[in-house]
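Quick note on numbering: the sequence shown equals residues 16 to 517 in the working numbering.
Each residue gets a CB set at the ideal place from its N, CA and C atoms; glycine is no exception.
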Amino acid sequence: MLFHSKKKGVTKMRKTFTRFTGMALAALMVCSLAACGSSTTVGPDLSPSEGQNTSQTSTEKTGITGLKLSKNSVTLKVGGTEELSVMTTPADADQSTLVWTVTDPTIAQVENGKITALKNGTTVVTVKTADGAVYQTCTVVVSGEDDPAEIKVTGIALNKDHFVIKLGGSAQLSATATPDNATDKTLSYSSSDETIAQIGTDGKITTLKEGVAEIIVTASSGIKKNCLVIVCKDNQLPAGTSAEVSVKAGESLNLATVDTYCKNLTGLTYTSGDKSVLTMDGSKATGVKEGKVTVTVTDADKNPVFTFTVNVTKGDTPTPSKELSGIRINEKTLAVEEGKTITVTATLLPEGVTAYRIFWISEAKDVFSVDENGVITGIKEGKGYVTAYVSDGKKSFTSVCEVEVYAKGGQPSNIPATGIKLNERTVSLKVGDEYKIEYTLTPADATSKVQFIDESKNMSAEGVISLDKTTGTVQALKAGKTAVTLYVSDGITATIYITVVE
């Protein structure tokens, strides 16, 4: 949709709908993790006189609550590189979920924090959490020769990071050297174990016996990229594709951090063989009760690539470090196609409280269902509410989220943006000028909201402009150069560069 209004910002109040179904809630028996293994249960009491609270917010939460880059701006020559490091809050947060983007990939590219300068110009590198709720930016200025004498290969892109191949079969590995204007883009291939798998100069992998090997791709500059090859016989994983770990009941272990080749692969799914003993949330395994269970790791093609044997031992009885004060569903609204699934999540309040079980309830069971893990399945077209319920045995708390189920092949009424395009990438203003930033969302009927972010502080240009963060109206205050980033709630961004002259 095209936004072209010159008016000052208009604040729209979002209605928040909260409702309960006492009949459904009263049927639940609540057990906090603080009493796991006990036969004592507490029934939910939703009477307002008993302190029933509800809460809901539009702020999406992630495990990471803060980010800080090692630099807020860098200046590079064409072909030069800079490695950015990022500090997270909390410090032990999993950085593998962070997403790196660059506003103009023709000027510079970024991969896991490594910036490579491609041509003269200015662009912005952004690191953000998977949901886009927390982010940090770095301004990149590229100058110098447009055609340097030598541009080295700084990266290697592979079509796959691993292959699962039946013995006697083959696969094709495609590798590309980056940047595109590198002087020598020659790549060579080798195998860590040629008795298991070999690779030709054309990237074709052939298998000789079952086992695990790595294909190493080497560039002329000396950098390398590895691709894992798992050769199976009779659909059975070979030796070296399993590990045994232990976790206490009530505690968690991230299996992706266990020292196996799994931590270098992407697109993996971890499945518990017995959810009553061990539950999985991504690669995070949480012990429920004593026992032994097998966790199978599969790739995007449903091929098994690894198995974990997890021994769940008796745990210490967890004691909440803080008193439970509420619950908040993280999603504003949810939309799911008929027959498909989507997961709803919630945060216990205050943050850091974990020792309580969350119950999920569908308030429109004919429209959608929800299981104990918050997985919603669309049944038929319509709308309803999903309720998150938690109790500490004295007080109970709830939060709700509207769920829309839309027809197969159809579109939800709340349509997220997939892209944003600025009408102008750069603009020059005189001191005293007023300018309204105009943009177009893709698709044209997208309903996503846009936030305007003043980058002046990151560019050491504070006071150059004032910005109405609701309407995108800019007032030129003094001479200088700055930028404004347009951030869509779905994680899509665009940046406009502003020069103010006297």
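Can you check whether the CB of residue j is closer than 8 Å to the CB of residue i?
i: residue 500; j: residue 468; result: yes
i: residue 401; j: residue 353; result: no
i: residue 403; j: residue 452; result: no
i: residue 310; j: residue 300; result: yes
i: residue 148; j: residue 112; result: no
i: residue 117; j: residue 140; result: yes
i: residue 405; j: residue 456; result: no
i: residue 381; j: residue 398; result: no
i: residue 391; j: residue 442; result: no
i: residue 355; j: residue 297; result: no
i: residue 321; j: residue 308; result: no
i: residue 201; j: residue 166; result: no
i: residue 101; j: residue 130; result: no
i: residue 507; j: residue 439; result: no
i: residue 220; j: residue 270; result: no
i: residue 473; j: residue 158; result: no
i: residue 480; j: residue 461; result: no
i: residue 319; j: residue 252; result: yes
i: residue 222; j: residue 204; result: no
i: residue 170; j: residue 126; result: yes
i: residue 383; j: residue 415; result: no
i: residue 280; j: residue 176; result: yes
i: residue 272; j: residue 278; result: yes
Measure from the alpha carbon of residue i to the alpha carbon of each residue in the options, then state which is nearest.
i: residue 186; options: 288, 243 and 329; result: 243
i: residue 445; options: 491, 424, 302 and 427; result: 491
i: residue 360; options: 368, 343, 367 and 371; result: 343
i: residue 357; options: 263, 346, 365 and 367; result: 346
i: residue 527; options: 392, 281 and 256; result: This structure cannot settle anything about residue 527, because the visible part of the chain is limited to 16 through 517.
i: residue 389; options: 515, 376, 380 and 395; result: 376
i: residue 195; options: 253, 212 and 133; result: 133
i: residue 258; options: 318, 287 and 324; result: 324
i: residue 408; options: 184, 371 and 142; result: 371
i: residue 178; options: 464, 439, 306 and 228; result: 228
i: residue 412; options: 454, 447 and 362; result: 362
i: residue 172; options: 154, 199 and 234; result: 234
i: residue 105; options: 127, 97, 81 and 89; result: 81
i: residue 98; options: 123, 107 and 78; result: 123
i: residue 464; options: 210, 486 and 387; result: 486
i: residue 471; options: 286, 514 and 204; result: 514
i: residue 265; options: 90, 306 and 286; result: 306
i: residue 519; options: 128, 278, 367 and 428; result: Look at the range of the chain in this structure, 16 to 517, and you will see that residue 519 is not part of it.
i: residue 447; options: 428, 483, 484 and 516; result: 516
i: residue 181; options: 295, 174, 208 and 212; result: 212
i: residue 484; options: 466, 423 and 210; result: 466
Report, in whole angstroms, the separation of the C-beta atoms of residue i and residue j, which I expect to be a contact under 8 Å.
i: residue 238; j: residue 214; result: No, residue 238 and residue 214 are not in contact; Cβ-Cβ is about 18 Å, not under 8 Å.
i: residue 314; j: residue 283; result: 6 Å
i: residue 136; j: residue 119; result: 7 Å
i: residue 262; j: residue 327; result: 6 Å
i: residue 503; j: residue 432; result: 5 Å
i: residue 246; j: residue 224; result: 7 Å
i: residue 248; j: residue 151; result: About 48 Å; that fails the 8 Å criterion.
i: residue 495; j: residue 476; result: 5 Å
i: residue 86; j: residue 114; result: Contact doesn't hold; Cβ gap of about 19 Å is too wide.
i: residue 168; j: residue 190; result: With 8 Å as the limit, residue 168 and residue 190 do not qualify as a contact, their Cβ atoms being about 11 Å apart.
i: residue 435; j: residue 450; result: Actually they are not in contact, since the Cβ atoms of residue 435 and residue 450 sit about 18 Å apart, beyond 8 Å.
i: residue 364; j: residue 341; result: 4 Å
Which one or two residues does DSSP pair with residue i in a beta bridge?
i: residue 102; result: 83
i: residue 405; result: 412
i: residue 197; result: For residue 197, which the question treats as bridged, DSSP gives no partner whatsoever.
i: residue 445; result: 516
i: residue 269; result: 299
i: residue 469; result: 499
i: residue 423; result: Looking at the DSSP assignment, residue 423 forms no beta bridge with any residue, so it has no partner.
i: residue 430; result: DSSP output for residue 430 lists no bridge partner at all.
i: residue 399; result: 418
i: residue 493; result: Paired residue(s): none; residue 493 is not in a bridge.
i: residue 113; result: Its beta-bridge partners do not exist; DSSP assigns none.
i: residue 436; result: 455
i: residue 507; result: In DSSP, residue 507 forms no bridge with anything.
i: residue 485; result: DSSP lists no partner for residue 485.
i: residue 92; result: 158
i: residue 390; result: 358
i: residue 384; result: 392
For the ligand NAP, is there any heavy atom lying closer than 7 Å to the beta carbon of residue i?
i: residue 470; result: Although the ligand NAP was asked about, the structure shown includes no ligands whatsoever.
Inset, instruction - Would you mind listing the beta strand (DSSP E) stretches within the stretch 275 to 359 that are 3+ residues and don't spill past its ends, in chain order? - result: With a minimum length of 3 residues, the continuous beta strand (DSSP E) runs that stay inside the stretch 275 to 359 are 284 to 287, 293 to 296, 299 to 302, 306 to 313, 319 to 328, 341 to 344, 348 to 352 and 356 to 358.
Inset, instruction - Entirely within the stretch 117 to 176 and at least 3 residues each: give me those beta strand (DSSP E) ranges in chain order. - result: 123 to 126, 129 to 132, 136 to 143, 150 to 158 and 170 to 173
Legend entry - Secondary structure, beta strand (DSSP E): runs of 3+ residues fully inside the stretch 181 to 229: 185 to 187, 190 to 193, 202 to 206, 212 to 214 and 219 to 222
Inset, instruction - Could I get the ranges of all uninterrupted alpha helix (DSSP H) runs contained in the stretch 230 to 268, with 4 residues as the minimum, in chain order? - result: Given a length threshold of 4 residues, the stretch 230 to 268 has no whole run of the alpha helix (DSSP H) inside it.
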